[in-house]
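Chemist: The working numbering runs 1 ahead of the 1-based position in the sequence shown. Every residue gets a Cβ at the ideal spot worked out from N, C-alpha and C, and that includes glycine.
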Amino acid sequence: MSETRRILYANQRVRPRVPIALVKKFNLPVEIIDPEDKEFNDGGIYAKFFPLKKVPSYIELDKNTNEPIFILTEVIAVIFYLLETFIDENSSSPELLAFAKSLIEPDSTTTLNKIQYKSSILKWLSLTNSDFLITLVGVFNPLRGVVPYNKESVDSNAVKVDKIVSEIFVPALSSNKYLLGKKITIADFFAVACFTRGFDYVFGREWMAKYPVIVNWFNDVRKQDGFLVDFYKDFEFIEKPLEPPVKN
Numbered sequence: 002m003s004e005t006r007r008i009l010y011a012n013q014r015v016r017p018r019v020p021i022a023l024v025k026k027f028n029l030p031v032e033i034i035d036p037e038d039k040e041f042n043d044g045g046i047y048a049k050f051f052p053l054k055k056v057p058s059y060i061e062l063d064k065n066t067n068e069p070i071f072i073l074t075e076v077i078a079v080i081f082y083l084l085e086t087f088i089d090e091n092s093s094s095p096e097l098l099a100f101a102k103s104l105i106e107p108d109s110t111t112t113l114n115k116i117q118y119k120s121s122i123l124k125w126l127s128l129t130n131s132d133f134l135i136t137l138v139g140v141f142n143p144l145r146g147v148v149p150y151n152k153e154s155v156d157s158n159a160v161k162v163d164k165i166v167s168e169i170f171v172p173a174l175s176s177n178k179y180l181l182g183k184k185i186t187i188a189d190f191f192a193v194a195c196f197t198r199g200f201d202y203v204f205g206r207e208w209m210a211k212y213p214v215i216v217n218w219f220n221d222v223r224k225q226d227g228f229l230v231d232f233y234k235d236f237e238f239i240e241k242p243l244e245p246p247v248k249n
């Protein structure tokens with residue numbers, strides 16, 4: 002391990018938040034580098050091995066030759082690699098090890114076996130990362146002026162987001178405290194990180210009154226175990242969603 006340099010390319014965007022939290026929570030021997038920092042300089046590693054320039058991205062390099070040993074992209078893969086690596090390599094903290102295992106392994110509160118439980122976690126991670134977050138971005142980015150505003154497209158995406166929330170997340174959280182039952186998992190932490198952008202831009206007080214179960218879950222998870230807390234020091238709920246940009 003001492004001969005390997007490990008780098009996590011990540012920043013304050015929502016997808017990298019859980020990988021960053023894992024590195025910090027478990028004191029992993031991993032450098033966290035923000036490729037969007039104006040002073041960013043890694044000697045060309047990021048540009049060479051991550052041409053899509055997306056975060057999070059992860060790489061392990063031979064310290065002597067600076068040649069890559071292992072390269073990983075895609076947030077779900079990065080999350081599981083960091084967690085499973087800590088579980089496999091940890092030998093010093095039984096408490097942290099127990100917490101790490103609890104994020105992806107079943108306990109006595111569920112009837113699911115280990116494979117079913119992990120598959121269910123992957124289901125929630127995938128749903129949140131793709132259908133939910135991508136569609137949500139299609140709502141708030143035009144409102145922010147990041148991309149051209151098209152009312153029909155924004156309204157259509159807003160309906161899709163509402164359908165995912167009302168027909169998938171709400172039923173799950175109405176019958177259980179967390180997405181997979183009575184115990185919090187990595188799926189909850191990642192989903193809450195992604196829901197943050199909704200609360201930043203489009204989930205105003207009217208939306209919150211409509212979905213109190215989502216708000217309660219969001220508040221519970223973001224304050225749990227000192228895991229994502231640092232990302233919410235200055236967080237405030239909005240009163241109203243962003244208005245469409247005014248045409249010049």
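Anyone know if the C-beta pair for Leu62 and Val31 falls short of 8 Å?
Modeler: no
Chemist: Any heavy atom of the ligand GTP inside 7 Å of the beta-carbon of Val160?
Modeler: By its list of ligands, the structure shown contains no ligand whatsoever, and the ligand GTP lies outside what it can speak to.
Chemist: Hey, quick one: how far does the alpha helix (DSSP H) through Pro30 stretch, first residue to last?
Modeler: Careful: Pro30 lies outside any alpha helix (DSSP H) and carries neither H nor E.
Chemist: From which residue to which residue does the alpha helix (DSSP H) around Thr86 run?
Modeler: Per DSSP, Thr86 belongs to the alpha helix (DSSP H) from Val76 to Glu90.
Chemist: Using a beta-carbon distance below 8 Å, is Pro213 in contact with chain C?
Modeler: Although the question refers to chain C, the structure presented lacks it and comprises just one protein chain.
Chemist: Applying the 10 Å Cβ sphere with the 16-neighbour rule, what's the burial state of Asn130?
Modeler: buried
Chemist: Rounded to a whole number of angstroms, what is the C-alpha to C-alpha distance between Pro69 and Pro52?
Modeler: About 15 Å.
Chemist: Mind listing, in chain order, the continuous alpha helix (DSSP H) runs of no fewer than 4 residues lying wholly within the segment 110–183?
Modeler: 115–128, 134–145, 152–165 and 171–176
Chemist: From the DSSP output, which residues share a beta bridge with Phe71?
Modeler: Glu61
Chemist: Please report the straight-line C-alpha distance between Asp156 and Val140, rounded to a whole angstrom.
Modeler: 7 Å
Chemist: Grab the span of the beta strand (DSSP E) containing Arg6 for me, first residue to last.
Modeler: Thr5 to Tyr10
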